[in-house]
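Reviewing the structure listed below.
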Amino acid sequence: MAMLLALADENESPVLSIPKGWKYCTGKVGSMNSQKVVAAMETAAKSNQVIETDVYRETHALYHAIMEALYGVTRGQIQLA
Numbered sequence: 025m026a027m028l029l030a031l032a033d034e035n036e037s038p039v040l041s042i043p044k045g046w047k048y049c050t051g052k053v054g055s056m057n058s059q060k061v062v063a064a065m066e067t068a069a070k071s072n073q074v075i076e077t078d079v080y081r082e083t084h085a086l087y088h089a090i091m092e093a094l095y096g097v098t099r100g101q102i103q104l105a
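Residues in the sequence shown are numbered consecutively from 25, following the numbering used here.
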């Protein structure tokens with residue numbers, strides 16, 4: 025599901041329907057620096073109400089999810105730039 029959403033154009037709706045109760049958002053990252061990737065994803069999640077801004081554990085869980093995704097994409101080497 026995440027890959028379909030990530031690869032879809034802005035005007036294109038994903039082939040699969042989003043399961044009820046799921047939230048997602050899209051955004052852009054202007055750098056391959058991992059700190060900027062994390063910051064951009066956190067900002068997008070907060071501004072689109074995917075996570076609650078005043079609940080630390082949601083921000084913390086999002087951070088770990090982002091780091092796991094980066095780890096998987098980079099095959100263990102989190103440095104992108």
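We put the CB at the ideal spot given by N, CA and C, even for glycine.
Distance between residue j and residue i (C-alpha atoms, nearest Å)
i, j, result
"D33", "S41", "15 Å"
"N35", "A89", "26 Å"
"G45", "M56", "31 Å"
"V74", "C49", "7 Å"
"Y80", "L29", "26 Å"
"P43", "S58", "29 Å"
"E82", "E76", "7 Å"
"L94", "S71", "21 Å"
"K47", "A26", "11 Å"
"T98", "L31", "17 Å"
Inter-residue CB distance, residue i and residue j (contact presumed, cutoff 8 Å)
i, j, result
"L86", "A69", "6 Å"
"G51", "K60", "About 12 Å separates the two Cβ atoms, so there is no contact after all."
Where residue i falls: helix, strand or coil (DSSP)
i, result
"M25", "coil"
"E34", "coil"
"G96", "helix"
Any C-beta of chain C under 9 Å from that of residue i
i, result
"A69", "Reference to chain C is not applicable here, since this structure consists of a single protein chain."
Exercise for review: Could you pull out every unbroken alpha helix (DSSP H) segment of at least 4 residues lying fully inside the stretch 39 to 87, listed in chain order?
Suggested key: Counting whole runs of 4 or more residues, the stretch 39 to 87 contains the alpha helix (DSSP H) stretches 58 to 71.
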